[in-house]
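Data block below; observations after.
Chains as they are written, first to last, in this note's numbering: chain A, 109 to 328; chain B, 41 to 301.
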């Protein structure tokens with residue numbers, strides 16, 4: 109068994125490449141989706157019912173589609189209507205759309221629990237629009253929603269494994285490749301599992317740090 | 041003062057303010073004038089419209105009718121190119137609000153910022169004043185309210201009285217034309233009320249222009265230049281503290297003051 113591990117590890121450049129691809133896919137998804145989610149949280153919290161209902165409908169629709177199906181749609185269905193994307197573009201777009209919906213819903217939840225006096229206090233001191241969000245509301249949302257956002261981030265990492273079906277050479281794809289070359293599936297997938305474990309626990313560690321920050325401020 | 045029969049432009053002038061929530065008329069033809077350097081205390085039973093009056097003054101609530109003037113400028117409205125009065129947009133309103141300092145009953149400090157951050161964030165990011173200048177002033181303001189050692193504490197680590205004193209420093213940092221206090225000691229434990237009132241008394245003695253909604257009759261008697269008594273959304277009586285507290289004219293005011301004897 110030890111020697112099987114040793115054999116699997118001879119393919120370390122493949123593991124490393126898969127690991128790296130997973131990391132950058134997930135990291136860019138996190139950044140882009142969070143920015144888009146902040147923008148999407150505004151209509152979700154709109155005082156106008158039509159805007160609120162329309163944005164809700166969009167977010168809920170995306171959230172009710174399985175991730176794998178969304179990836180298939182981006183990869184196979186878009187070319188059918190004349191939009192052909194590289195597999196990388198299809199993968200990133202799928203990840204971003206799917207997680208923007210989740211992140212936006214998480215931020216909306218945190219926002220609706222923010223005491224209205226916080227926003228009112230901001231307005232009384234002349235904050236409005238983007239500045240009100242950047243300095244008063246946004247930081248409180250991120251502190252309050254940190255742990256939930258972290259959980260969703262872990263979900264992103266695991267969902268990204270599905271992207272092997274649209275030929276993205278991420279970690280699971282590479283592991284599958286290694287085992288088909290060497291015929292040591294058990295050891296190969298254990299190694300891949302460990303790499304996912306490291307990734308998810310790094311996120312978990314960052315969430316813990318954020319929780320400590322929140323604890324000092326006790327933002328609800 | 042209930043009427044505007046004095047010379048010079050008053051800092052704050054409220055004319056015939058009316059505000060209803062549904063069928064309930066919360067403010068009924070309320071007029072108040074606050075002159076420069078004056079402290080006006082607004083007293084009265086709960087539900088008499090005192091807090092709504094303050095919230096209407098900086099337009100956190102929009103009054104149904106009536107006018108508010110800040111140093112002679114119409115609050116909430118401006119002249120358009122055809123010199124007709126139109127409602128201010130969000131941005132213009134935000135700007136004019138910075139000239140009215142608000143101290144809330146529940147302090148409403150921002151929990152993600154330290155005491156120092158709470159004081160400096162608005163002057164730096166709203167008024168766009170130079171950071172060094174704002175920070176130096178914030179240190180001085182913290183010293184003024186007796187909290188220089190709490191500079192880097194987050195609000196959750198401060199007592200109610202300390203939070204309210206930070207909130208006062210936060211309002212002062214905006215250099216407002218007038219300070220509005222909305223029952224600033226009502227949500228404090230009794231032993232913490234004194235420290236906040238002491239700071240407010242100091243501001244009144246310095247000649248700041250203030251409108252204070254309060255249930256602290258001793259404070260009103262000592263610090264106010266003028267006392268306004270409200271009941272049922274109307275101004276029932278107004279006068280100097282000596283007149284009002286020693287010799288209330290209306291039976292409503294007499295009844296009200298009985299409870300504080």
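Ideal Cβ placement from N, Cα and C applies to all residues, glycine included. Just so you know, these numbers come straight off a predicted model, no measurement behind them.
Asked	Found
Based on the DSSP output, what are the partners of residue 59 of chain B in its beta bridges?	B:67
Have a look at residue 31 of chain B and residue 191 of chain B and give me their C-alpha separation to the nearest angstrom.	Lying before the first or after the last residue shown, residue 31 of chain B is absent from chain B, which here runs from 41 to 301.
Our contact map puts residue 187 of chain B next to residue 210 of chain B with C-beta atoms below 8 Å; I'd like the distance itself, whole angstroms only.	That belief does not hold up - the Cβ atoms of residue 187 of chain B and residue 210 of chain B are roughly 11 Å apart, past 8 Å.
Taking 8 Å as the limit between beta carbons, can you name the residues of its chain near residue 56 of chain B, skipping five residues before and five after?	69, 70, 71, 105, 106, 107
Assuming residue 227 of chain B contacts residue 146 of chain B under a Cβ cut-off of 8 Å, what Cβ separation, rounded to an integer in Å, is found between them?	6 Å
Among all the DSSP beta bridges, which residues are the ones paired with residue 250 of chain B?	B:79, B:219
Could you run through the stretch 232-246 of chain A and flag, in chain order, every residue whose CB is less than 9 Å away from some CB of chain B?	232, 233, 234, 235, 236, 237, 239, 240, 242, 243, 244
Runs of 4 residues minimum, wholly inside the stretch 233-292 of chain B: which ones carry the alpha helix (DSSP H) assignment?	257-263, 281-286
Where residue 155 of chain B and residue 146 of chain A are concerned, what is the direct C-alpha to C-alpha distance, given to the nearest angstrom?	27 Å
Leaving aside the five residues before and after residue 260 of chain B along the sequence, list all residues of the same chain whose C-beta is less than 7 Å from its C-beta, in chain order.	81, 83, 254, 267, 281
Given residue 46 of chain B, which residues of its chain have a CB within under 7 Å of its CB, disregarding the five upstream and five downstream residues?	In this prediction, residue 46 of chain B has a pLDDT of 46, which is less than 50 and means its spatial position is unreliable; what the coordinates show is noted afterwards. So the qualifying residues of the chain are 75.
What would DSSP say about residue 52 of chain B, mapped onto helix, strand or coil?	strand
Just the chain B side, please: which residues come within less than 7 Å of residue 325 of chain A by C-beta, in chain order?	151, 152, 194, 196
My output table needs one value for residue 116 of chain B: the three-state DSSP class, helix, strand or coil.	coil
Of the choices B:247, B:112, B:87, whose alpha-carbon is the least far from that of residue 52 of chain B?	B:112
For a quick check, are the C-beta atoms of residue 229 of chain A and residue 144 of chain B less than 8 Å apart?	yes
Spell out a yes or no on whether the stretch 196-210 of chain A and the stretch 158-175 of chain A are touching, meaning 3 or more CB-CB pairs, one atom from each, closer than 8 Å.	yes
Shortest alpha-carbon distance to residue 299 of chain B belongs to which of B:256, B:277, B:283?	B:256
Counting only C-beta atoms, is residue 214 of chain A closer than 8 Å to chain B at any point?	no
Can the beta-carbon of residue 258 of chain A be found closer than 8 Å to that of residue 315 of chain A?	yes
Can you tell me the Cα-Cα spacing of residue 192 of chain A and residue 194 of chain B, whole angstroms?	52 Å
Within the 8 Å Cβ cut-off, does residue 251 of chain A reach chain B?	yes
Can you grab the Cα-Cα spacing for the pair residue 320 of chain A / residue 118 of chain A, in whole Å?	41 Å
To be precise: take each residue of the stretch 160-175 of chain B, compare its Cβ to all Cβ atoms of chain A, and keep it if any distance is under 7 Å. Which residues remain?	161, 162, 165, 166
Classify residue 277 of chain A as buried or exposed, calling it buried when 16 or more other Cβ atoms lie within 10 Å of its own Cβ.	buried
Roughly how many whole angstroms lie between the Cα atoms of residue 91 of chain B and residue 222 of chain B?	6 Å
List the residues of chain A whose Cβ lies closer than 8 Å to the Cβ of residue 131 of chain B, in chain order.	236, 237
Of all the CB atoms in chain B, is at least one closer than 8 Å to the CB of residue 258 of chain A?	no
Taking C-beta pairs closer than 9 Å, name the residues in chain A that residue 134 of chain B reaches, listed in chain order.	231, 233, 234, 235, 236, 237, 239, 240
Let me check you understand the geometry: is the CB of residue 144 of chain A closer than 7 Å to at least one non-hydrogen atom of the ligand FMN?	Of ligands this structure carries none, so the ligand FMN is not represented either.
Going along chain A, which residues have a C-beta under 9 Å from residue 100 of chain B?	228, 231, 232
With three or more beta-carbon pairs closer than 8 Å as the criterion, would you say the stretch 164-183 of chain B touches the stretch 303-315 of chain A?	no
At the 8 Å Cβ level, is residue 42 of chain B part of the contact set with chain A, yes or no?	With a pLDDT of 42 at residue 42 of chain B, under the threshold of 50, the modelled position of that residue is not reliable, and no figure is offered here.
Taking the continuous beta strand (DSSP E) assigned at residue 105 of chain B, which residues delimit it?	105-110
Of all the residues that make up the stretch 251-268 of chain B, which are near chain A by a beta-carbon distance shorter than 7 Å?	none
If we define contact as Cβ-Cβ less than 8 Å, is residue 225 of chain A a contact residue for chain B?	yes
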